[in-house]
Structures are given as C-alpha cells and as structure tokens.
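Sequence positions in the sequence shown follow the UniProt record's numbering and run 1 to 292.
What follows is one structure encoded as structure tokens, with my remarks underneath.
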Amino acid sequence: MRLPPLNAIRAFEAVCRHGSILKAAEELGVVRGAVRQQISTLEDHLGRKLFVRDGRGPVPTERASALAEAASAALTILKRAAAEFEDAHRARIRLGVPSAFAVWWLMPRAADMQTSLGDIEIDIVPMTVVEPLSQHPDFDAVIMGGEIRSSAGITETRFMEDEFGPVATPPVAARLAGDAAALAEANILISRSAPTLWAEWFAESGTPSVAFSRHREFEDLLLAMGAARAGLGVAVAPKASIEDDLARGILVAPYGFIRRPAGYSLCCRTSDAKRPAFVALRNWLLRSGGVS
Numbered sequence: 001m002r003l004p005p006l007n008a009i010r011a012f013e014a015v016c017r018h019g020s021i022l023k024a025a026e027e028l029g030v031v032r033g034a035v036r037q038q039i040s041t042l043e044d045h046l047g048r049k050l051f052v053r054d055g056r057g058p059v060p061t062e063r064a065s066a067l068a069e070a071a072s073a074a075l076t077i078l079k080r081a082a083a084e085f086e087d088a089h090r091a092r093i094r095l096g097v098p099s100a101f102a103v104w105w106l107m108p109r110a111a112d113m114q115t116s117l118g119d120i121e122i123d124i125v126p127m128t129v130v131e132p133l134s135q136h137p138d139f140d141a142v143i144m145g146g147e148i149r150s151s152a153g154i155t156e157t158r159f160m161e162d163e164f165g166p167v168a169t170p171p172v173a174a175r176l177a178g179d180a181a182a183l184a185e186a187n188i189l190i191s192r193s194a195p196t197l198w199a200e201w202f203a204e205s206g207t208p209s210v211a212f213s214r215h216r217e218f219e220d221l222l223l224a225m226g227a228a229r230a231g232l233g234v235a236v237a238p239k240a241s242i243e244d245d246l247a248r249g250i251l252v253a254p255y256g257f258i259r260r261p262a263g264y265s266l267c268c269r270t271s272d273a274k275r276p277a278f279v280a281l282r283n284w285l286l287r288s289g290g291v292s
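Written as structure tokens, this is what we have:
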C-alpha cells in the first residue's frame, strides 16, 4: 500500500488530538477548509471514513483512533530526528517532572546530576498535572509516580520507591493525636491536580474514610504542601518530596506512609531508550533513587 500523504496525516493527527478542525487549522496555520480537504484526501486514500460527528465535533472511529496514535508517534520521531540532524553535537533531554517532586527532590540533586551527566543538558519542566508521555510530544521523557499507566512504545524504568501519607506541622499533628477519625474536624488541604490522593490514602491504608467538615483546595500539589508547611492544615504528600522537611521536623507524618508498588519511574520512548543520553540519565536516577 502506498504511504498516505504527509500533509494529510499531519492534519488528521492534529484534528484527533484537538478534537476540533478549527484548533487543528490554527496549529497548522491554515484555514479550516484546507484541513477538511486534507481529511478528505486521506479518506480517499484509505477508502473509508475516519470521523463521525456527535454534535460537538469530529470523533474518530475506533480504527481511526489507532491510526492517529501511530501517526502521532511517527511524527514525533520525525521531528526529533530532524532536530538531532540540525544539532547533532548537542545532547539535550526535555524532562517533564511533577512540580513537587521537581522542587523538593530533583532540584536539590541537580548539581550532582549535572556533574554525573557531563555535557548532557537536562531541561527540567515542572508538570502541574502529571500526564503520560504519549500526551506530550514536546517532552523527551517524563517522571511519573503512582499514576503511571503503561502504554505502547514507552519504556519505563522504576528508580525509586513511592510512599505517601498525610503530613502536617507538629502542632497541627498533635491535635490529631494519631486518631484518623480526627481528620473529620481538621482543615484538609486538597490539590486540584491530584484530587483523588485522599481517597487513595484511605483505601490503600485500610483507614475508614471520614467526611471532611473543612477543606481548602489549591491549584496543584506544590501549593497544598506549601500550605501544610505553613501550618494551615493536613495534606497528603509523597514522602520523596518532603524528606528534608521530615528530617528537620518541619513536617511530621502522624499516620506514617503507605508504600505504593508502582514507585517512581522514568518514562521515555522505546526508540530513545538505548541512546547514550537516556542511558546516562536512567543510570543516575537508579543510583540516586536507590532501586537496583
């Protein structure tokens, strides 16, 4: 079978990713009619319709969704290969990292990382909402914790244990007296970027859940943890992100921490996994995270 036209594939992939012909046209710098024409060209080439309409916009068929995923991966590989061709002597990894993990675990180790990696440049991009690498063609790799979900074409390397639990300043924790039922009257701090953390902690710790009478919401986990450090209430936090606060007694964990089997993992595209820069980053994370 002849390869489909590249421009038609680009338009098709953009429509599937955005769920909108208008947004795809804006990204590609063309009018909507040009996108529709490219979709029509691709449908003629493949001999079948690619979209149905549900009243809100174009919805790819099941087979078209699979094609869109493959097209996205292929276009990402092409873009990366072109970038490397243009700048063959520069080793650079754009790394997406959960915001709290970046600030409280990775950045304090950044100097050691750079020394270990030498000329390899790691561009650390904090992620307020942690999403799989497949949703971020602009990233070369991401670090994910308990939210990791395996996907085709992605290589995952677990480099550190993942533990989490409620934390607070010593005065706030003292009022809880180690009784989880007291959380019902405490000021609970919730992150909108990780809204299920409290429910997951109750479920995974085997603690009977309680209805919170008071809670405050923050845009991301970094802010919720900052509020906990300021004594504003109790937040669920990953242990790796607050080890220094625990060591200095700024925060305590009145109910301990629950270990999650997934751990923290470096996720990169399988096509990149054996490249020297990615091997070096993976080896440094394994040494620093303590997982052999």
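Even for Gly, the Cβ is constructed at its ideal location relative to N, Cα and C.
Can you find at least 3 beta carbon pairs, one from the region 99 to 114 and one from the region 166 to 175, that sit closer than 8 Å? no
Comparing C-alpha positions only, which one of Gln38, Glu13 and Ser20 sits nearest to Gly55? For the purposes of this step, residue 55 is identified with residue 55 of the sequence shown, where counting begins at 1. Ranking the options by Cα distance to Gly55, first place goes to Ser20.
Straight-line CA distance for Leu6 to Glu156? Stepping through the sequence shown from its first residue, residue 6 is reached at position 6. Stepping through the sequence shown from its first residue, residue 156 is reached at position 156. The straight-line gap from Cα to Cα measures roughly 30 Å.
Can you find the residues in the same chain that come closer than 6 Å, C-beta to C-beta, to Glu163, ignoring five residues on each side of it along the sequence? Here residue 163 refers to the residue found at position 163 of the sequence shown. Within the same chain, Glu163 has close Cβ partners Lys239, Phe257 and Arg259.
Distance between Trp198 and Asp179 (C-alpha atoms, nearest Å): The residue labelled residue 179 in the question sits at position 179 within the sequence shown. The residue labelled residue 198 in the question sits at position 198 within the sequence shown. For Asp179 and Trp198, the distance between alpha carbons rounds to 16 Å.
Rounding to the nearest angstrom, what Cα-Cα distance links Gly289 and Val31 in this structure? Walking along the sequence shown from the start, residue 289 turns up at place 289. Walking along the sequence shown from the start, residue 31 turns up at place 31. Near 49 Å, if we compare the C-alpha coordinates of Val31 and Gly289.
Per-residue DSSP class, three states only, for residue 293: Residue 293 lies beyond the range of the chain shown here (1 to 292); nothing can be said about it.
Just to confirm, is the Cβ distance from Pro60 to Leu50 under 8 Å? To locate residue 60, count along the sequence shown from 1; it is residue 60. To locate residue 50, count along the sequence shown from 1; it is residue 50. Against a cut-off of 8 Å, the Cβ pair of Leu50 and Pro60 comes out as a contact.
Inter-residue Cα distance where the pair is His45 and Gly226: Position 45 of the sequence shown, counting from 1, holds the residue named residue 45. Position 226 of the sequence shown, counting from 1, holds the residue named residue 226. One C-alpha to the other measures close to 55 Å.
Measure the C-alpha to C-alpha separation of Pro208 and Ile242 and round it to an integer number of angstroms. In the sequence shown, residue 208 corresponds to position 208, counting from 1. In the sequence shown, residue 242 corresponds to position 242, counting from 1. One C-alpha to the other measures close to 25 Å.
CB of Gln38 within 8 Å of CB of Ala64, strictly: Sequence index remark: in the sequence shown, residue 38 carries index 38 (1-based). Sequence index remark: in the sequence shown, residue 64 carries index 64 (1-based). Going by C-beta atoms, Gln38 is not nearer than 8 Å to Ala64.
Return helix, strand or coil for Glu200, following the three-state DSSP convention. Within the sequence shown, numbered from 1, the residue matching residue 200 stands at position 200. Looking at Glu200 - three-state DSSP - the assignment turns out to be helix.
Can you give, in chain order, each stretch of the alpha helix (DSSP H) that sits fully within the region 134 to 211 and has at least 4 residues? 170 to 176 and 197 to 205
Those residues which DSSP pairs with Met127 across a bridge: Residue numbering aside, residue 127 sits at position 127 when the sequence shown is read from its first letter. Per DSSP, Pro98.
The region 242 to 253 / the region 209 to 224 touching (three or more Cβ pairs under 8 Å): no
Got a sec, what are the start and stop residues for the beta strand (DSSP E) residue 365 sits in? The structure shown does not extend to residue 365, since the chain is modelled only from 1 through 292, so no value can be given for it.
Restricting to Cα atoms, I'd like to know which of Val129, Asp140 and Ala181 is closest to Cys268. Indexing the sequence shown from 1 puts residue 268 at position 268. Closest by alpha carbon: Asp140.
Near Asp153, which residues of its chain fall below 7 Å by C-beta distance, leaving aside the five closest residues on each side in sequence? On the sequence shown, residue 153 is found 153 positions in, with the first residue counted as 1. Note on identity: in this sequence residue 153 is Gly, with Asp being the wrong assignment. Counting only Cβ-Cβ distances below 7 Å, and skipping sequence neighbours, we find Ala73, Arg269 and Thr270.
Using a Cβ-Cβ cut-off of 6 Å (strictly less than) and excluding sequence neighbours within five positions of Ser205, which residues of its own chain qualify? Position 205 of the sequence shown holds residue 205. If we look at Ser205 and ignore the five residues flanking it on each side, its Cβ neighbours are Ile258.
Between which two residues does the alpha helix (DSSP H) carrying Pro276 extend? Start at 1 with the first residue of the sequence shown, and residue 276 comes out as number 276. Pro276 to Gly289 is the extent of the alpha helix (DSSP H) around Pro276.
Round the Cβ separation of Glu200 and Gly263 to the nearest angstrom and send it over; I've been treating them as touching at under 8 Å. As a first step, residue 200 is located in the sequence shown; it is residue number 200 there, counting from the start. As a first step, residue 263 is located in the sequence shown; it is residue number 263 there, counting from the start. Going by Cβ atoms, the distance from Glu200 to Gly263 rounds to 15 Å, so no, they are not a contact pair.
How many angstroms separate the CA atom of Arg48 from the CA atom of Leu42? Along the sequence shown, one-based indexing puts residue 48 at 48. Along the sequence shown, one-based indexing puts residue 42 at 42. Going from the Cα of Arg48 to the Cα of Leu42 covers about 9 Å.
Which residue comes first and which comes last in the beta strand (DSSP E) that contains Val52? Position 52 of the sequence shown, counting from 1, holds the residue named residue 52. It spans Phe51 to Arg53 - the beta strand (DSSP E) in which Val52 sits, taken as one unbroken run.
Nearest residue (CA-CA) to Pro249, options Ser265, Pro261, Ala228 and Leu266: In the sequence shown, residue 249 corresponds to position 249, counting from 1. The displayed chain sequence assigns Gly, not Pro, to residue 249. Ranking the options by Cα distance to Gly249, first place goes to Ala228.
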